[in-house]
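Below is one structure, written out as structure tokens; comments come after it.
2 protein chains.
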Amino acid sequence: MRFEPVTIKDIGKALGLSTSTVSRALRGSHEISSETKKQVLEYAEKVNYRPNPIALSLKERRSSSIGVVVCEIANNFFSQAINGIESIAYNRGYHVIISQSHESYEREVVNVQHLASRSVDGLLVSLSSETTDVSHFINLHEKGLPIVFFDRVTNEIITHKVIADNYKAAYDATVHLIHNGYKKIAHITSATFLSITKERLEGYKNALLENGLPFNEQYVKYCSHGGMVAQEVEEAVFDLLKLKHKPDALITASDRVTVGALIALKKLQVKIPDSLAVVGFTNNNIPELLDPSLTTIRMPAFEMGQVATELLIRIIESKRPITEFETRAMQTEFIIRNSSAALTVNKN
Amino acid sequence: MRFEPVTIKDIGKALGLSTSTVSRALRGSHEISSETKKQVLEYAEKVNYRPNPIALSLKERRSSSIGVVVCEIANNFFSQAINGIESIAYNRGYHVIISQSHESYEREVVNVQHLASRSVDGLLVSLSSETTDVSHFINLHEKGLPIVFFDRVTNEIITHKVIADNYKAAYDATVHLIHNGYKKIAHITSATFLSITKERLEGYKNALLENGLPFNEQYVKYCSHGGMVAQEVEEAVFDLLKLKHKPDALITASDRVTVGALIALKKLQVKIPDSLAVVGFTNNNIPELLDPSLTTIRMPAFEMGQVATELLIRIIESKRPITEFETRAMQTEFIIRNSSAALTVNKN
DNA sequence: TATTTTTACGCAAACCTTCCCGATAACGAT
DNA sequence: ATCGTTATCGGGAAGGTTTGCGTAAAAATA
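Here is the structure:
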């Protein structure tokens with residue numbers, strides 16, 4: 001009772017034609033008489049013939065599918081990015097195969113091997129926060145597998161990359177806080193080696209220095225699991241508030257960290273923004289409904305997914321090997337709300 | 001410079017063996033001498049041989065992949081469900097191929113055809129809100145393609161189904177509001193024909209009747225696009241507040257509707273819960289950070305994804321055709337917060 | 001009419017793997 | 001000496017499709 005799709009061979013047998021004739025008729029070759037063509041087309045329509053994509057893949061050595069490697073799906077940023085990926089891939093006739101690294105290096109390696117052996121035509125990758133060694137990608141890339149990195153990228157591989165302008169985002173957020181009177185601005189961020197971490201840290205640091213404020217190492221906390229472990233964010237918040245000169249403002253990088261920090265602050269009953277102003281990187285869909293409404297930096301997740309996919313398909317479908325690669329930095333959206341309201345009262 | 005993986009034929013040529021011998025040696029057949037076996041295994045290891053899964057799929061007529069059809073990925077419920085799906089599928093060696101219907105019937109049909117022709121081994125489906133005709137699934141199901149429905153199901157197809165206990169969830173929410181003193185409880189929900197809509201409506205209605213309250217048609221608003229169109233939710237809220245006897249409480253079904261309603265209420269500056277109490281179905285991860293904190297019904301999304309996938313794989317891998325199917329109703333989580341606080345002051 | 005061109009189609013290989021058979025040789029059993 | 005077993009391996013088909021090449025008949029040209 002297994003699913004028995006009709007093949008080109010069945011059509012040939014039914015019509016007394018060879019498979020090659022049927023195949024050619026189906027793709028409208030000029031060397032097939034129009035009546036034969038018509039006959040085949042009609043019969044194929046009647047029996048609802050669909051070419052077997054697996055056989056096609058075997059023949060063409062391509063699978064019309066692209067693999068996606070992200071740390072997790074159930075995350076505002078990534079689910080929106082995947083939405084963008086799917087929107088383009090679908091229109092171009094590609095399937096999207098998803099895998100999650102759960103921020104684990106081993107898991108990432110296994111997933112990538114899995115996808116590669118599955119003959120995906122290309123890979124869309126956002127690195128896990130544990131990944132320092134990217135040789136598993138280098139191997140595949142050298143063998144000619146198209147790869148495009150997005151969000152969390154590596155500069156050890158020369159290919160297209162799509163990132164948000166994290167430097168500017170962090171810079172602007174910091175300047176905003178400074179202008180609103182905050183002077184002791186802390187930063188809770190992701191794993192040290194991640195590209196996004198470095199970019200944001202740089203923007204934060206430069207904004208401080210350019211405005212005559214010191215950069216204080218103590219005010220920067222790294223969450224090596226990217227906030228996957230709730231405790232690490234809580235500890236970071238706790239440590240900051242324990243400091244002798246506790247910060248009066250906080251910039252949280254990444255969705256998870258932002259959420260974790262807000263929950264921790266709520267638990268500790270810290271008044272926002274009176275005791276601590278907060279600006280968060282987040283793609284949450286209802287920041288204005290939070291209490292207080294949250295000043296946010298929103299990543300152009302959907303667009304990043306779209307652009308990355310377009311670039312990937314461009315590589316896949318290119319006749320000649322591509323030598324010119326670009327790194328697209330896309331603009332974030334900075335929306336000021338109450339959690340970073342201007343400092344009014346004097347605080348110690 | 002295209003990716004050239006080593007095949008069983010290459011190994012055979014290199015070692016002076018036939019492909020069949022190599023194949024058998026690779027899977028440890030007893031009819032291959034142990035030295036030949038050793039030789040082959042070592043060489044395969046050396047050249048990093050990986051069986052071509054596409055050729056395998058063609059031969060075995062299975063692809064080790066399962067297709068997922070949901071209305072959208074960038075949605076708390078579905079992204080969490082997909083997470084559950086992926087967690088099981090990954091461990092059982094299946095790939096997950098995702099497609100979105102965007103609540104469109106046509107898109108759903110196309111996606112399903114696409115996935116089926118792509119030889120997925122089975123389908124995990126949550127119906128679009130436009131879908132009333134499920135013959136595209138019936139066709140495939142009759143041809144033997146395993147399908148498991150989750151969340152939004154149909155009773156026109158007899159197979160495994162995984163749902164949340166929506167009846168109980170809506171019932172409990174309604175009773176909770178009644179106990180807190182609310183008497184005019186409205187309900188903004190999804191498209192009429194959706195199973196979840198009916199189940200929830202039933203729970204809501206019975207809770208009213210059992211507590212001696214009238215069921216008022218005017219208090220039920222359907223969003224035919226499931227909240228994808230922000231305007232429809234806003235209008236529903238608006239219509240409810242325009243009523244002569246305007247409701248004093250509101251139950252919103254589905255994530256999108258809840259979010260849309262809260263935004264509309266915020267815009268209209270309706271005080272929650274003083275002017276209107278709210279209980280929302282949502283899988284938002286920070287309901288306690290909302291203003292006011294939101295009383296929620298949380299769907300067991302991750303678990304639903306897991307269970308659905310397990311049931312699907314059970315069908316796929318079953319030797320004999322399965323005749324006994326189950327509908328698993330999983331418990332939701334009801335968390336009471338401030339948005340449905342007990343009525344204290346008297347209101348008209 | 002003889003020759004070339006065109007038309008319309010079939011054959012078979014290729015993509016990679018598995019597996020049913022058949023082949024061969026060695027060997028013990030009858 | 002003949003036969004059946006067992007061990008070890010190769011041949012070839014099958015799975016569905018595309019495509020280069022070959023070839024027959026029909027049509028066009030000389």
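These protein sequences, in sequence, are chains A and B. The numbering used here puts the first residue of the first sequence at 1, with every later residue one more than the last. The numbering used here puts the first residue of the second sequence at 1, with every later residue one more than the last. Don't be surprised by glycine CBs; every beta carbon is placed ideally from N, CA and C.
- The segment 120-135 of chain B and the segment 334-344 of chain B do not touch, with fewer than 3 CB-CB distances between them shorter than 8 Å.
- For the segment 271-284 of chain A, the set of residues with a beta-carbon nearer than 7 Å to any beta-carbon of chain B is empty.
- Pairwise C-beta distances place the segment 236-249 of chain A out of contact with the segment 309-326 of chain A, as fewer than three of them are shorter than 8 Å.
- Note: A/F334 is bridge-paired with A/I297 in the DSSP secondary-structure output.
- Chain A has no Cβ within less than 7 Å of the Cβ of B/A230.
- In the displayed model, A/T154 falls within coil according to three-state DSSP, outside both helix and strand.
- Every alpha helix (DSSP H) of 4 residues or more that sits fully in the segment 40-103 of chain A is shown, in chain order, as 53-60 and 76-91.
- Chain B has no Cβ within less than 7 Å of the Cβ of A/L26.
- Counting only Cβ-Cβ distances below 8 Å, B/K266 has contacts in chain A at E288 and L289, in chain order.
- Around the beta carbon of A/H179, a 10 Å sphere encloses fewer than 16 other beta carbons of the protein chains shown; the residue is thus reported as exposed.
- Using a Cβ distance threshold of 7 Å, B/G280 and B/R256 do not count as a contacting pair.
- The segment 76-96 of chain A makes contact with the segment 56-73 of chain B; the number of CB pairs closer than 8 Å reaches 3 or more.
- Scanning its chain for C-beta atoms nearer than 6 Å, with the 5 sequence neighbours on each side dropped, one finds around B/T295 the residues V279, I336, R337, S339 and S340, in chain order.
- With respect to the C-alpha of B/Y219, the residue from B/L209, B/V233 and B/H187 having the closest C-alpha is B/H187.
- With its beta carbon at least 7 Å from every one in chain B, A/V257 lies outside the interface.
- At least one C-beta of chain A is nearer than 7 Å to the C-beta of B/S117.
- Secondary structure of B/V22 (DSSP, three-state): helix.
- Annotation for B/D151: S126 place their beta carbon closer than 6 Å to its own, counting only its chain and skipping 5 residues before and after.
- By the C-beta density criterion, B/F77 is buried, having at least 16 other C-beta atoms within 10 angstroms.
- For A/I147 and A/V134, the gap between their C-alpha atoms comes out near 12 Å.
- Secondary structure remark: continuous alpha helix (DSSP H) runs of at least 4 residues inside the segment 131-179 of chain A, in chain order: 135-142 and 166-179.
- Taking 7 Å as the cut-off, the beta carbon of B/E156 is found no closer than this to the beta carbon of B/E130.
- The criterion of a C-beta distance shorter than 7 Å is not satisfied by A/V6 and A/V22.
- Contact annotation for A/I73 against chain B: I73, S79, I82, N83 and E86 [CB-CB distance below 8 Å, chain order].
- Within the segment 48-61 of chain B, the residues whose Cβ lies closer than 7 Å to some Cβ of chain A are R50, P53, I54, A55, S57 and L58, listed in chain order.
- For B/S65, the number of other beta carbons within 10 angstroms of its own is at least 16, and it is reported as buried.
- Interface with chain A (7 Å Cβ-Cβ cutoff): B/L262 is included.
- Using a CB distance cut-off of 7 Å, B/Q306 does not count as an interface residue toward chain A.
- Within its own chain, no residue has a Cβ closer than 7 Å to the Cβ of A/I286 once the five positions on either side in sequence are excluded.
- In the three-state scheme derived from DSSP, where H, G and I count as helix and E and B as strand, B/G305 is classed as helix.
- The segment 194-209 of chain A and the segment 315-327 of chain A do not touch, with fewer than three beta-carbon pairs separated by less than 8 Å.
- In the displayed model, A/R328 falls within a strand according to three-state DSSP.
- Proximity of A/Q269 to chain B, defined by a Cβ-Cβ separation below 7 Å, is not satisfied.
- One finds E86 in chain B with Cβ atoms closer than 7 Å to the Cβ of A/Q100, taken in chain order.
- DSSP lists A/K221 and A/T252 as the bridge partner or partners of A/I188.
- A/V96 belongs to the set of residues whose beta carbon lies under 7 Å from a beta carbon in chain B.
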